[in-house]
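Participant: Numbering (my numbering) for the sequence shown: -14 to 390. Backbone N, C-alpha and C define an ideal beta-carbon position, used for all residues, glycine too. Owing to the predicted nature of the structure, the values given are computational and were not obtained by experimental measurement.
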Amino acid sequence: MVSNICVKKFGGTSVGSTERIEAVADRILKEREKDSRPYVIVASAMAGETNRLVDLANRTYLGFRGPAYDMLLASGEQVSIALLSMALEKKGLKAKPYLAHQVGIKTDSMYSRARIKEIKTEPLMKDIQSGIIPVVAGFQGVDEFDNITTLGRGGSDTSAVALAVALKAQDCEIYTDVPGVFSADPRIVPKAKKIPSLCFEEMVEMASLGSKVLHIRSVEIAAKFQLKLQVRSTFEMTEGTWIMNENELNTSMESPLVTAITHDTQTAIFKLVPLPQGAEVLAQLFARLSEKGIVVDVISQSEIDQGQRLAFSVPVEDIIQTKQVISEFFPKVDTTVLDQVSKVSIVGVGMRNHPGVAAKFFNVLAQNKVPIHLVTTSEIKVSAIIDRKDLEKSAQALHSAFGLD
Ligand code: ADP
Ligand code: ASP
Ligand code: MG
């Protein structure tokens, strides 16, 4: 059974100052005028706040992960939900701020990248029945030991989607500082255009390839429970981008070959040479990295003059932990870290049945004299890790070449 509850999530920029928080309260009031559905609000920390907290942690103990780190990072959302609740009260609405433990957002204990296991909806349902708008802290949860956990950077989207699923909402609205999902990050590709709708699969790829407009797990959960998402502007009253099932999309026109260009500046490459012989050692290395919650992305192994060379990419935030694991396994192997690199990718379900898309991708990079470090492809994406300095020109050239300008 579907409820008529509407979950609305406001991101960091949207609540970035007390003026903006007031504007969000106004926006909620305006939405209220044309829509009598009960609302549940989810908010992120004020823009820049989580970065500030990460910096404090790094200055105190670089590379530390554990309950203290998550407690620190989660504090940003406590401030924004309290302020937003006050702003709503000031507008004459009844509102109540909730930290994750008060709602019962239970997660595992993988600190700084925890996964939601269950959500108790009773406290929220009680409020809703009394006409109160719950304002829930995004990004955080609580584990079985009552420690505060966090869901990974950008995780408020996942809080909102998980809440919407638990509350059996029809859809979930993600309010942000852009009017929707664009054919590329408008900050990098000025000619990027808003996409009216796209399917879960494309959005999962885009999110996993670094398009930070949505947290990847929020899209995975939405896909699993067939919950429609709308990404829309906090500041403009316009329809945003709908993310839904592929067969519900408007397919009256042939879908474009490539739907979007994405990029990720938060990636780093490790190169190890010469590697000891034997596959077990690699299996053990990657097992150890995964135990630490480090997601290894692209992997390549090749034979060069000095012997076997292993190259793989990891998120920048995991560089220190990855170095620790490598020195445990291969204290004597020469290790190079490239941290001035970025990943650029093309995504689209349209490329499924069309050969030659990868060839065109490599051609565009070659024409622009962009060297490639690592490559990976799937049915609906082609990615390359390139030097950071080549990112803008590559993304813009690919955007034009695939007809997205
Ligand atoms: P919020 O704080 O609201 O969660 P984020 O900064 O996490 O916002 O996500 C919104 C940002 O995502 C935009 O400002 C934009 O720069 C970036 N972005 C990256 N790729 C895209 C894309 N394809 N479409 C729209 N925005 C994108
Ligand atoms: N405040 C958290 C972050 O900056 C979560 C979020 O914004 O979604 O990563
Ligand atoms: Mg975000």
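Looking only at its chain, what residues have a beta carbon closer than 6 Å to the beta carbon of Ile305, apart from the 5 residues adjacent to it on each side?
Facilitator: Once the five neighbours on either side are set aside, the close Cβ partners of Ile305 are Gly48.
Participant: Would you tell me roughly how many angstroms separate the C-alpha atoms of Gly139 and His200, rounded to the nearest one?
Facilitator: In a straight line, the C-alpha of Gly139 is about 5 Å away from that of His200.
Participant: Quick one: what's Asp372 bridged to in DSSP?
Facilitator: Asp372 is bridged to Val326.
Participant: Among the residues of its own chain, which have a CB less than 6 Å from the CB of Pro23, if the five just before and after it don't count?
Facilitator: Result list for Pro23: Ile(-10) and Ile113, in chain order.
Participant: Grouping DSSP H, G and I as helix and E and B as strand, with all else coil, what is Lys153?
Facilitator: Lys153 falls in the coil class under three-state DSSP.
Participant: Would a C-beta distance cut-off of 8 Å place Ala208 and Phe185 closer than the cut-off?
Facilitator: Cβ distance < 8 Å, so Ala208 and Phe185 count as in contact.
Participant: Could you round the C-beta distance between Val127 and Pro108 to whole angstroms and report it? I think they count as a contact, below 8 Å.
Facilitator: Rounded, the Cβ-Cβ distance is 13 Å, inconsistent with contact.
Participant: Thr226 and Leu183: beta carbons closer than 8 Å?
Facilitator: Taking 8 Å as the Cβ cut-off, Thr226 and Leu183 qualify as a contacting pair.
Participant: Work out the CA separation of Ser330 and Pro340 for me, nearest whole Å.
Facilitator: Cα to Cα, Pro340 sits roughly 17 Å from Ser330.
Participant: Which runs of the beta strand (DSSP E), 3 residues or longer, sit entirely within the region 183 to 254?
Facilitator: With a minimum length of 3 residues, the continuous beta strand (DSSP E) runs that stay inside the region 183 to 254 are 213 to 218 and 226 to 229.
Participant: Measure from the alpha carbon of Lys(-7) to the alpha carbon of each residue in Thr252, Thr361 and Asp156, then state which is nearest.
Facilitator: Out of Thr252, Thr361 and Asp156, Asp156 has the C-alpha closest to the C-alpha of Lys(-7).
Participant: Using a threshold of 7 Å, is the CB atom of Thr219 nearer than that to any non-hydrogen atom of ligand 2?
Facilitator: Outside the cutoff, so no.
Participant: Tell me the rounded alpha-carbon separation between Ser60 and Leu73.
Facilitator: Those two C-alpha atoms are separated by around 21 Å.
Participant: Relative to the C-alpha of Lys102, which candidate in Ala154, Arg17 and Ile206 has its C-alpha closest?
Facilitator: When each option's Cα is compared against that of Lys102, the closest is Ile206.
Participant: Within 10 angstroms of its Cβ, does Glu158 collect 16 or more other Cβ (buried), or is it exposed?
Facilitator: When all chains shown are included, Glu158 counts as buried.
Participant: Give the DSSP-derived three-state secondary structure of Glu103 in the structure shown.
Facilitator: Of the three classes helix, strand and coil, the one that applies to Glu103 here is strand, per DSSP.
Participant: Leu260 and Gln293: beta carbons closer than 8 Å?
Facilitator: Taking 8 Å as the Cβ cut-off, Leu260 and Gln293 qualify as a contacting pair.
Participant: In this structure, how does DSSP classify Phe347 when only helix, strand and coil are distinguished?
Facilitator: Reduced to three states, the DSSP call for Phe347 is helix.
Participant: For Gln293, list the residues DSSP reports as bridge partners.
Facilitator: Answer by DSSP bridge pairing, in chain order: Glu288.
Participant: Can at least three beta-carbon pairs, one atom from the region 130 to 145 and one from the region 26 to 37, be found at a separation below 8 Å?
Facilitator: Output reads yes: the region 26 to 37 touches the region 130 to 145.
Participant: Using the C-alpha atoms, what's the distance from Glu364 back to Val243?
Facilitator: Their Cα atoms are separated by approximately 12 Å.
Participant: If you draw a straight line from the alpha carbon of Lys317 to that of Val258, how long is it in whole angstroms?
Facilitator: Lys317 and Val258: Cα-Cα distance of roughly 10 Å.
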